[in-house]
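For reference, the structure discussed in these notes is given below.
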Amino acid sequence: MATASGVLEAGSARPVGGGVPPRAGVRVELDQCERRFGEVAALDGFSLAIEPGELVALLGPSGCGKTTALRALAGLEQLDSGEVRIGGSDVTAVPPNRRGLGMVFQAYSLFPNMTALENVGFGLRLRKLVASERRRRAHDLLDLVGLGAQSGRFPHELSGGQQQRVALARALAVEPRVLLLDEPLSALDAKVRAQLRDEIRRIQLEMGITTLFVTHDQEEALSMADRVGVMASGRLQQVGSPDEVYERPVNAFVAEFVGSVSRVPATVGAGATVEVLGRSVPLPAGQAAFAPGSRVDVLLRPESFAVHADRDGLGLVVRRAFLGPVMHAVVALPGPVEIVATLPSSAAGEVVVGSAVRVEATGSPLFVTEPRPEAR
Amino acid sequence: MAALTLPGRRTTRGAPTRAEFRVGGWARSIVLLCTAMYFLVPVVASARYALEGAHGTYTLAAVTALFHDPVLLQSLLTSVEISLGAAGITLVLLTPTSVWVNLRMPRLRRAMESLTLLPLVVPVVVVVLGIYGAFPTAVVASPVLLALEYVVLAMPYSYRAIDGGVQALDLHTLVDAGRSLGASWPETFRRVLVPNLRTSLLSAAFITIAYSLGEFAMANLLSFTTFPTELFQIGTEQVDEATAVSVFALVLTFAVLLGLSLLGGRRRAGGLRRGATLSVGGGDGIAAEVDAVLGHVDPGVPGIVHETREVP
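Each protein sequence line maps, in turn, to chains H and G.
The first sequence runs 1 to 376 under the working numbering.
The second sequence runs 1001 to 1312 under the working numbering.
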C-alpha cells in the first residue's frame, strides 16, 4: 500500500491540484460474493472485476445490493462467502481501516467537530504525518476540489455540495488504492450534482485511481463510468461500456432499467425479422431463437418510433414533454399499449395532446422477450 | 425584515407586529422572573440568615468558620472524590454501551431504556445489598462503594443524557467514515465519537456529580462521612454555620457546572463568528451575498450557491 508520505517526496510530479500526484490504480475483484440479511440475499453470487484506474458504476434499483457490494469491498460489510481481492491480495478478512481505501458516503459524513482542513487531515493524522506536511497536503486537496478558501469552516457552515467536495478531498488525502463513492451526489440539487459529477470524473482520471461508484441515477452512471454494471436481486445482470449496456442489453431487465423503452407486442417473422406495428424490422443480433410465428414482446427505444399526425391513425397522443431540441410524445395504441416516442420539436407541431397519430417502428428492437403472462 | 418595520399592523404573511413582539417580550420576562424568584428567594433567605450577625449586622464569621473545620473540609474532599469517581465510571461504562447498542443492537434500545430506569423503582437498600454482594470487602468498606452506588442510582438520568447525544449523531456514517479513513475502533471512538458527544458526556457527568455531591440517605445509611452527612451533623449543633455551608456548596456547585458547561460549548461556538452567514443548502443567486458577508470569494466553485442565515 502506498504510504501517505510517499506523495510528499520532493520533486514528485504535481499535475493536479497544485500538489496531488497521479498514481497507478490497482485491480479490484469481488468473486462469488454472498451476503444475506435474513431471507433476503443482498449479494447472490456477485462477481465483478475492476481494472486499474477504471471507474465502474454499479447501477440498479433500490435494494438491488449495490451498496452492499461497495460496503463489502470497503470491509464495512462481512460476506457470508466469497472473496475480495485488491491488487491481487485477498483482503476478505482485513478490517476496513487496513484496506487502504477512500470512501465518500451518501449522507454528509464530515466530522462535525472539525473544520474542513481538519477533516481532510484526519486520515493523515492517523498515519502520524507531521502537522506541517498534513496541513500542506490537506490544503492541496482542498484546492483540488475548489475549496481552498473554505478550509477553516466547519461542516455546518458549508453547503451540501461543499461538504461532499470536502468528503472527496478527505477520501483522497489518505492516498487510497481504491476510491469508493456511495451515491455521493444523491442529496444534492441538480445543478450542483452535474457540476460535482464532472469534477469527480476529472479528478479520478487525473489521479488514475481505481473507482467504484454506486448510484441509482443512470444518467450519472452512463456519463461518468468507463463501465457500468447493472444489478438486480443481488446479481450483476450485465457489465459493459455505457453504450454497450444502453444499446445491447443482455436481458429485458437491463433494457427496461437503462434508458427508456416501450414494450410492444409483435410476431416473429421469417428470416430473422419481427412484425411490429405493421412493419417488418430485423431481430436484434443474437436474438433469433424465436420460431417464426411466435408471439413476443419487443422493447423499443423512443427514437425507434416514427409518429405522424394522421386522422385515421390508431394512436392517440396522451402526453407531451418538451425537452428542448426534441420532444417526447406518449401515445396510446390499441392493445392497450402505451409507447414513448422521440420526435424533433420542430416537427412536432401537429402531434398535440388528443390528436390521432400513426406510429411506425423504424429501427430494430432493443430486445425481444416472451410476452408478459397477462398478455398471452 | 419588513415585518419589524410596520408597527401596529399585521403583515400580509401573518408575522407578528412590533406591538405583539413587545407583549411577548413582557410575558417572557415575567415568566423568567417568576422562575428566578422560585429558585433564588430560598437561596437569598438562607444566605441572609447565614450572614446575619447580632443587632441587624452582617458577618462572614459563619462562612470563615467553614475553612477552619478540618472534618468538614475532609468530608467535602471525600464527596468530591466520590462524585468524580462516579462520573468517570458512568462515562466509561455507559458511553460505549450506548454506542454499541445504537450501532449494533438497535433492537435492544428499548430494553436498555427500561433497564436503566430500574434504579428508580428498586429500593436503595436492594441496590446497596447487590453491590455489597458483587464486590470484595476492600471495595465495599471504602468510599468506592458509594461511587459505585451513585453510578447505578444516577443511571436513569445519565444514560439518557448520553443516549440522547448518541442518537442525535449519524452514528453509522461517522463510524464508517472514521474506519474507512484508517481509524481503528478505539481511535474512531476517541477521535470521532467522543468529541461529537462532548455536550452529552458533560451533561451525564454533571448529573452524576450533582447527584453524588448531594446524596445523603445512602451515605448516612452506610455510615460514611460525606459532605451532606457532615452538613447534617453540623446542622444539629450550629444552624447558621450549616446554612452558610449549604449556600457555599450551592454556589460552588453552580460555578463548577457553569464552568464545565461553558467549556463544553466553547469549541462549537468557536467555529462561528458573530454576524457570519452560514451556508445551509442550495438556492440560486445568493452566493455573491454569502461571499460578500463572509468576505470570501470562491473562484474555484462557480455556480455553487447557498441559502443563508445569520448567526446571532
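Glycine is no exception: its CB is placed at the ideal position from the N, C-alpha and C atoms.
In the three-state reduction of the DSSP assignment, Cys-1034 (chain G) falls in the helix class. Not flagged as an interface residue toward chain H: Ala-1205 (chain G), since no C-beta distance is shorter than 8 Å. Chain-ordered, the chain H residues with CB closer than 8 Å to the CB of Leu-1174 (chain G) read Ser-109 and Phe-111. At a cut-off of 8 Å between beta carbons, Gly-1182 (chain G) contacts chain H.
Contact annotation: Thr-1208 (chain G) and Ala-1087 (chain G) have beta-carbon atoms nearer than 8 Å. In this structure, Val-281 (chain H) places its C-beta atom within 8 Å of the C-beta atom of Ala-361 (chain H). The beta-carbon of Gly-102 (chain H) is placed less than 8 Å from the nearest beta-carbon of chain G. Val-281 (chain H) sits in a strand when the DSSP states are folded into three classes. For the C-beta of Leu-222 (chain H), not a single chain G residue is nearer than 9 Å; the gap to the nearest is close to 23 Å. Under the Cβ criterion of 8 Å, Ala-1168 (chain G) is not counted among the residues facing chain H. Ranked by Cα distance from Phe-1216 (chain G), the first of G:Arg-1018, G:Thr-1057 and G:Ser-1075 is G:Ser-1075.
Collapsing the DSSP output to three states places Met-327 (chain H) in a strand. By the neighbour-count definition (other C-beta atoms within 10 Å, threshold 16), Ser-1083 (chain G) is a buried residue. For Arg-85 (chain H), the closest Cβ of chain G is not nearer than 8 Å. Of all C-beta pairs linking the stretch 74 to 94 of chain H to the stretch 1175 to 1187 of chain G, three or more are shorter than 8 Å, placing the two stretches in contact.
Judged by pairs of C-beta atoms under 8 Å, the stretch 55 to 72 of chain H touches the stretch 209 to 217 of chain H, as three or more such pairs exist. Counting along the chain, the unbroken beta strand (DSSP E) around His-308 (chain H) starts and ends at 305 to 309. Leu-43 (chain H) carries a strand assignment under DSSP once its states are collapsed to helix, strand and coil. For Ala-93 (chain H), there are no neighbours in chain G by C-beta distance under 7 Å, as the nearest C-beta there is about 15 Å away. Against Asn-97 (chain H), the close residues of chain G are Gly-1178, Arg-1179, Ser-1180, Leu-1181, Gly-1182, Ala-1183, Ser-1184, Trp-1185, Glu-1187 and Thr-1188, in the order they occur along the chain (beta-carbon pairs closer than 9 Å).
Secondary structure at Thr-1226 (chain G): coil, using DSSP grouped into helix, strand and coil. Under the Cβ criterion (8 Å, minimum of three pairs), the stretch 143 to 161 of chain H does not count as touching the stretch 85 to 105 of chain H.
Going by C-alpha positions, Asp-1069 (chain G) is about 20 Å away from Glu-1052 (chain G). At a cut-off of 8 Å, the C-beta of Val-1192 (chain G) has a neighbouring C-beta in chain H. In its chain, beyond the 5 residues on either side, Val-1166, Leu-1171, Phe-1189 and Leu-1193 have a beta carbon closer than 8 Å to the beta carbon of Val-1099 (chain G).
Note on geometry: alpha-carbon atoms of Val-130 (chain H) and Leu-1169 (chain G) lie some 30 Å from one another. Of all C-beta pairs linking the stretch 234 to 241 of chain H to the stretch 271 to 290 of chain H, fewer than three are shorter than 8 Å, placing the two stretches out of contact. Pairwise C-beta distances place the stretch 1223 to 1232 of chain G out of contact with the stretch 1092 to 1112 of chain G, as fewer than three of them are shorter than 8 Å. In this structure, Val-298 (chain H) keeps its C-beta atom at 8 Å or more from the C-beta atom of Val-250 (chain H). Proximity to Arg-1048 (chain G) across G:Leu-1060, G:Glu-1081, G:Val-1144 and G:Leu-1202 peaks at G:Leu-1060, based on C-alpha coordinates. The beta carbon of Phe-37 (chain H) sits no closer than 8 Å to any beta carbon of chain G.
It is roughly 26 Å from the alpha-carbon of Arg-301 (chain H) to the alpha-carbon of Gly-234 (chain H). When the beta-carbon positions are compared, Ala-187 (chain H) and Ser-109 (chain H) stay at least 8 Å from each other.
What Pro-1195 (chain G) touches in chain H, judged by beta-carbon distance under 9 Å, is Phe-111, Pro-112, Asn-113 and Met-114, going in chain order.
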